[in-house]
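Residue numbers (the working numbering): 17 to 249.
Where a beta carbon is used, it is the ideal one built from N, C-alpha and C, also for glycine.
Given the structure is predicted, the values throughout are model-derived calculations rather than measurements.
The structure under discussion appears below in the form of structure tokens.
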């Protein structure tokens with residue numbers, strides 16, 4: 017049985033969307049879908065003979081608008097989101113330690129990993145972890161807006177994610193250099209922002225990161241707090 021996710025990509029925002037399949041019963045979950053690709057995602061599910069059980073969000077994104085609400089309306093799937101992100105219309109407000117079930121005894125474990133945003137969450141499924149903007153390949157999410165905290169991000173990654181088994185595959189929410197997947201061991205040992213770095217050094221490093229605000233932040237965050245339904249998608 018294929019235990020790896022289906023990874024899809026939006027080149028405009030460099031966002032990864034993931035489909036997790038319980039092929040034995042023809043059900044699936046999608047993580048972090050992007051508004052302009054809702055038709056692509058539905059076509060992928062149809063090709064594989066999968067019905068959508070859940071639409072998951074890792075946080076309220078600032079660089080793209082989600083298609084979560086659109087997909088839920090079209091398929092009857094339930095929306096499940098981090099409880100601390102202010103996404104009030106969702107069917108399920110997730111909390112740390114929750115277990116989502118779909119298919120035949122398929123489980124997704126929910127981990128609260130604040131830092132990039134106060135409500136950010138990661139999802140564990142069959143030896144894979146979907147890290148959103150918390151842990152990136154050879155990097156991490158920024159902490160300078162949306163209730164971000166470098167101190168919280170360091171704890172989330174080093175105490176929670178880096179305590180996962182070495183072989184756990186890391187599937188990030190973004191990558192800007194053509195990389196698709198990593199492992200917990202590689203990131204713990206080699207991540208340029210985190211490996212062998214004390215908390216205070218990490219916090220100082222993140223204070224020096226100077227990036228422009230995401231171009232879509234004023235549109236994306238309000239829309240995403242309404243599951244993307246503030247826009248005609």
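When the five nearest sequence neighbours on each side are left out, the beta carbons in the same chain lying within less than 6 Å of the beta carbon of residue 106 are those of 95, 97, in order along the chain. 8 Å or more divides the Cβ of residue 31 from the Cβ of residue 45. Counting C-beta atoms within 10 angstroms of its own C-beta, residue 147 has 16 or more neighbours from the protein chains shown and is therefore classed as buried. With a contact defined as Cβ atoms closer than 8 Å, residue 77 and residue 240 qualify at about 5 Å. Between residue 143 and the set 185, 112, 134, the nearest pair of CA atoms involves 185. Assigned with DSSP and collapsed to three states, residue 122 falls in strand. Nearest in C-alpha terms to residue 174, of all of 194, 201, 196, is 201.
Beta-carbon to beta-carbon, residue 177 and residue 145 are separated by about 7 Å, close enough to satisfy the 8 Å threshold.
Contiguous alpha helix (DSSP H) elements confined to the stretch 92-161 do not occur, taking only those with 4 or more residues.
Residue 196 sits close to residue 23, with the two beta carbons spaced by under 8 Å. Membership of residue 188 in the beta strand (DSSP E) is indicated by the continuous run 185-188.
In this structure, residue 79 keeps its C-beta atom at 8 Å or more from the C-beta atom of residue 220. If only complete runs of 3 or more residues are kept, the stretch 36-75 shows the beta strand (DSSP E) at 43-47, 67-72, in order along the chain. Residue 83 and residue 121 have their C-alpha atoms spaced approximately 27 Å apart. Just measuring C-alpha positions, the residue of 58, 158, 151 sitting nearest residue 228 is 158. Per DSSP, reduced to three states, the secondary structure at residue 29 is coil, with no helix or strand assignment.
Residue 198 sits in a strand when the DSSP states are folded into three classes. In the three-state reduction of the DSSP assignment, residue 180 falls in the coil class, being assigned neither a helical nor a strand state. In the three-state reduction of the DSSP assignment, residue 243 falls in the coil class. Here residue 211 is exposed. Its C-beta has fewer than 16 other C-beta atoms within 10 Å. Annotated three-state conformation of residue 210 is coil, per DSSP.
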